[in-house]
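**Student:** At position 135 of the sequence shown the residue is numbered 118 (the working numbering), and the sequence of numbers has no breaks.
Heads up, the beta-carbon is just placed ideally off N, CA and C, and yes, glycines get one too.
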Amino acid sequence: MAFDALRDTLPDYAKDIKLNLGSLANDQTLNEQQKWGAFLACAHAAGVGELIRALEAETANKLSPEAKTAAKAAAAIMGMNNVYYRSVHLLSNEEYRTLRTGLRMNIIANPGVDKGDFELWALAVSAVNGCGMCLDAHEAELRKREFTAAQIQQALRIAAVVSAGAAVLRAESALAA
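1. Is the stretch 77 to 87 close to the stretch 129 to 142, with three or more CB pairs under 8 Å?
2. Please confirm whether GLY204 and ALA53 have their CB atoms less than 9 Å apart.
3. Could you tell me the alpha carbon to alpha carbon distance between VAL144 and ILE60, rounded to whole angstroms?
4. Does the Cβ of ARG36 have 16 or more other Cβ atoms within 10 Å, making it buried, or fewer, making it exposed?
5. Using three-state DSSP, classify ASP97 as helix, strand or coil.
6. Considering only residues of the same chain and omitting the five flanking positions on each side of GLN137, which have a CB-CB separation below 7 Å?
7. Which residue wins for smallest C-alpha separation from LEU(-11), given the options ALA159, ALA160, ALA157, GLY148?
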């Protein structure tokens, strides 16, 4: 398994990250599509090739082609939205909050998978990218769809650990260069 092999390459100082990756991969709080879609979306959001390749390989038989595409689409659209909405939220001038966004976001309305799963992945990516406004919006959508706090928290855990794993891999790559 590519995911296990990648986990094993993490240095000893990142033992907690290794352990958390393993426990999250085995956890049953989310269904398989929700869990592995969150892993894949967060890997794409983190942007570390080694991590992306490992999770692409790991999800080859765990996600349908439509789910893989939707998870990557969640990373792509939230890459744009997180920057825009975080900026609008952080700007002191509230006029920007009243202006039409003017950015295409069609994938959110028709992601090609269960809308709740896509919202879960968008929330996880928003955690990786640090956009509170988007986190609130996606959490509200998930609650409307009767996702539990435990399920939402599990997606946030995946986001946190994938992000930490990506940081370790970037740092180790920088040391090796």
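**Tutor:** In brief:
1. no
2. Because the chain spans -16 through 160 in this model, residue 204 falls outside it and cannot be assessed.
3. Translated into positions along the sequence shown, residue 144 becomes position 161. Translated into positions along the sequence shown, residue 60 becomes position 77. Looking at the two C-alpha atoms, the distance is approximately 21 Å.
4. Position 53 of the sequence shown holds residue 36. Classification of ARG36: exposed, given that the 10 Å Cβ count is below 16.
5. Walking along the sequence shown from the start, residue 97 turns up at place 114. The answer is coil: DSSP assigns ASP97 none of H, G, I, E or B.
6. One-based indexing of the sequence shown puts residue 137 at position 154. Contacts found: ASP10, THR12, LEU13.
7. Residue mapping note: residue -11 aligns to position 6 of the sequence shown, counting from 1. Of the candidates ALA159, ALA160, ALA157, GLY148, the one whose C-alpha sits nearest the C-alpha of LEU(-11) is GLY148.
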